[in-house]
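Residue numbers (our numbering), protein chains in the order written: chain A, 1 to 248; chain B, 1001 to 1209.
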């Protein structure tokens, strides 16, 4: 079977909104002022859109076989020294997959049931170690008892890359306020690897990169213009993982 | 007039309370107590009987790694290690002093805490809180002869989160460090050269294989 390698890049829907506004202007006689104010507003919001890239590799385009009653577990890698794949992100991806009628076991429930073999120190990092672990009848029995068919390993983090500007807030008897401007860039990089627990083989992998800039404008009241970088990474990864297990 | 005064007072107090709540999230000191339950280990114990001594100093151990941090891990570590030792040995007796033991078991293990260290994002320049617990396991035969004094370090970390309290982060990192101690014990106890040698001597390995 021919392996499938996909590369997708997309922005949040603001780009298409700008296109639609310009098209509408050319088809109607609305005043220029309305168009320009809309474009300025959109331009401001466009600064808050994240650019997300997804790379995927899997043996075939067919959905991965997942029978009724079989479950998937999404686990975070936590053995790196300088970062940790956070639990909120794992829950976010799990919830995205649950929405597609895929049985997803909670991460902590699975880790506790098989303690201590999926702790950061002991979790298998590759298939040879998983194969050895599954030779233990107690571990194999617990995996089968919970009908865990696939493990999805998530590894990555969200980091603030660059920040600039300054904002200061003050409060006094006559009132208070914030003045200034600050901006920061965030980058989310996550990799997902799917392991088949029955045939003990890798079923595919995904990588998502999401990047965007957020702003905080201090004009008496602080006005945040936040780019949902991590949330975009979660929804993109979750949707793509869903397509691994279901017909699109 | 009175109504206006009262509403202003209520508003001021509410604002003060909100400010206090926000500032408490930014507190730089942390005092945590770990006494939660830990999962039982998934392992087949070996045909060895052991006595584990959790003395009072160990069972009530309170670590103070720095002036601003206090971690009460006594109860938590007793629960965790009780589970782990039950997964290592077929028969295990837990006592609070060696005198309480009937002396019928082939191994005696006396755990103690050497040191607890913490590191916060302001110290390590990473977005993680870290906790190290360094244990020492005094392992003896039933006759009181020392087999080994095993150094067992455990490590836990938790990511820093916006507006999350330092106490909560250190509590989570401590729980992960305790779980890591259980994992380390299960993974490495029978790999200790002195224990391996003792088991060969007692012909325990041949029996269990």
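For each residue, glycine too, the CB sits at the ideal point set by N, CA and C.
- request: Spell out whether any CB of chain A is found under 8 angstroms from the CB atom of residue 1187/B.
  value: Output row for residue 1187/B: interface = yes.
- request: Have a look at the DSSP bridge pairing and note the partners of residue 1252/B.
  value: The requested residue 1252/B does not occur in the structure, where chain B is confined to residues 1001 to 1209.
task: Would you identify the three-state DSSP class for residue 168/A, choosing helix, strand or coil?
output: Assigned with DSSP and collapsed to three states, residue 168/A falls in strand.
- request: With residue 130/A as the anchor, note down where its alpha helix (DSSP H) starts and where it stops.
  value: According to the DSSP assignment, residue 130/A belongs to the alpha helix (DSSP H) that extends over 127 to 133.
- prompt: By DSSP, does residue 1145/B sit in helix, in strand, or in coil?
  reply: The DSSP-derived three-state label of residue 1145/B is coil.
- prompt: To the nearest angstrom, how far is it from the Cα of residue 1073/B to the Cα of residue 1172/B?
  reply: Approximately 12 angstroms between the Cα atoms of the pair.
message: At the level of alpha carbons, what is the spacing between residue 183/A and residue 162/A?
response: Approximately 8 angstroms between the Cα atoms of the pair.
query: Beta-carbon of residue 1168/B versus every beta-carbon of chain A: anything under 8 angstroms?
result: Not a single CB atom of chain A sits nearer than 8 angstroms to the CB of residue 1168/B.
task: Report, in whole angstroms, the separation of the C-beta atoms of residue 1050/B and residue 1107/B, which I expect to be a contact under 8 angstroms.
output: Their Cβ separation, rounded to whole angstroms, is 4 angstroms, which keeps residue 1050/B and residue 1107/B in contact under 8 angstroms.
query: Cα-Cα, which of 222/A, 200/A and 129/A is closest to residue 167/A?
result: A check of alpha carbon separations from residue 167/A across 222/A, 200/A and 129/A identifies 222/A as the nearest.
message: Which residues in chain A have a C-beta closer than 9 angstroms to the C-beta of residue 1178/B? List them in chain order.
response: Within chain A, no C-beta atom comes nearer than 9 angstroms to that of residue 1178/B; the closest sits roughly 11 angstroms away.
field: Extent of the continuous beta strand (DSSP E) to which residue 203/A belongs
entry: 201 to 225 is the span of the beta strand (DSSP E), which, as asked, contains residue 203/A.
task: Verify the CB distance criterion: does residue 121/A have a CB-CB separation below 8 angstroms to chain B?
output: Yes, its Cβ sits closer than 8 angstroms to a Cβ of chain B.
- prompt: Apart from the five residues just before and just after residue 992/B, which ones in its own chain have a Cβ nearer than 6 angstroms to its Cβ?
  reply: Any question about residue 992/B goes unanswered here, given that chain B covers just 1001 to 1209.
- request: Answer with buried or exposed for residue 186/A, where buried requires no fewer than 16 other C-beta atoms within 10 angstroms of its C-beta.
  value: Residue 186/A sits buried, since 16 or more C-beta atoms from the chains shown fall within 10 Å of its C-beta.
message: So that I know if they touch, is there some Cβ in chain A lying closer than 8 angstroms to that of residue 1021/B?
response: In this predicted model, residue 1021/B has a pLDDT of only 49, less than 50, meaning its place in the structure is not dependable enough to derive any value.
message: For a test of the three-state rule: what should DSSP assign to residue 240/A, helix, strand or coil?
response: Correct three-state label for residue 240/A: helix.
task: Tell me, please, whether the stretch 228 to 248 of chain A touches the stretch 198 to 210 of chain A by the rule of three or more beta-carbon pairs shorter than 8 angstroms.
output: With the cut-off at 8 angstroms, the stretch 228 to 248 of chain A and the stretch 198 to 210 of chain A touch.
query: How would you call residue 1197/B, buried or exposed, if buried means at least 16 neighbouring beta carbons within 10 angstroms?
result: Counting Cβ neighbours within 10 Å, residue 1197/B comes out exposed, since fewer than 16 surround it.
- prompt: By Cβ distance, which residues of its chain are closer than 6 angstroms to residue 1138/B, with the 5 residues on each side in sequence left out?
  reply: In the same chain as residue 1138/B, and ignoring 5 residues on each side of it, the C-beta atoms closer than 6 angstroms to its own belong to 1110 and 1149, in chain order.
field: Three-state class that DSSP yields for residue 137/A in the structure shown
entry: If DSSP states are grouped into helix, strand and coil, residue 137/A belongs with the helices.
message: Quick check on the DSSP output: the alpha helix (DSSP H) that includes residue 1074/B runs from which residue to which?
response: In the DSSP assignment, residue 1074/B falls within the alpha helix (DSSP H) that extends over 1074 to 1088.
message: Spatial neighbours of residue 1023/B within its chain, please: C-beta separation below 6 angstroms, excluding the five flanking residues on both sides.
response: Summary for residue 1023/B: the model assigns pLDDT 49, below 50, so the residue's position carries little reliability; its value from the coordinates is reported in the next sentence. Within its own chain, no residue has a Cβ closer than 6 angstroms to the Cβ of residue 1023/B once the five positions on either side in sequence are excluded.
field: Residues bridged to residue 155/A [DSSP beta-bridge criterion]
entry: Answer is 191/A.
field: Delimiting residues of the alpha helix (DSSP H) encompassing residue 91/A
entry: Where residue 91/A is concerned, the enclosing alpha helix (DSSP H) stretches over 87 to 98.
- request: Would you mind working out which of 1141/B, 1098/B, 1088/B and 1157/B sits nearest residue 81/A, comparing C-alpha positions?
  value: Of the listed residues, the one whose Cα sits closest to residue 81/A is 1157/B.
Distance, residue 1159/B Cα to residue 1129/B Cα: Distance between the alpha carbons of residue 1129/B and residue 1159/B is about 6 angstroms.
- request: Go through its chain and collect everything with a Cβ distance to residue 1094/B's Cβ below 7 angstroms, but skip five positions before and after it.
  value: Same-chain partners within the cutoff: 1052, 1054 and 1082.
- prompt: Exposed or buried, which one is residue 254/A when buried takes at least 16 other CB atoms within 10 Å?
  reply: The first residue shown for chain A is 1 and the last is 248, placing residue 254/A beyond what the model contains.
Contact list for residue 112/A against chain D, beta-carbon separation under 7 angstroms: The structure shown contains no chain D; its protein chains are A and B.
field: Contacts that residue 116/A makes with chain B (C-beta to C-beta distance below 9 angstroms)
entry: The answer, in chain order, is 1039, 1041, 1042, 1043, 1084, 1087, 1179, 1180, 1182, 1183, 1184, 1185, 1186 and 1187.
Contact set between the stretch 1107 to 1132 of chain B and chain A, restricted to residues whose Cβ is under 8 angstroms from the partner: Cβ contacts with chain A: 1126, 1127 and 1128.
- prompt: When the cut-off is 8 angstroms and only beta carbons count, does residue 1046/B lie next to chain A?
  reply: No, no contact with chain A.
message: If the criterion is Cβ atoms closer than 8 angstroms, does the pair residue 99/A and residue 70/A meet it?
response: No, the Cβ-Cβ distance between residue 99/A and residue 70/A is not below 8 angstroms.
task: Please classify residue 110/A: is it buried, with 16 or more other beta-carbons within 10 angstroms of its beta-carbon, or exposed?
output: Taking all protein chains in view, the Cβ of residue 110/A is crowded by 16 or more other Cβ atoms within 10 Å, so the residue is classified as buried.
- prompt: Between the stretch 134 to 145 of chain A and chain B, which residues of the former have CB atoms less than 7 angstroms from a CB of the latter, in chain order?
  reply: Identification of residues in the stretch 134 to 145 of chain A having a C-beta nearer than 7 angstroms to some C-beta of chain B yields 138, 139 and 142, given in sequence order.
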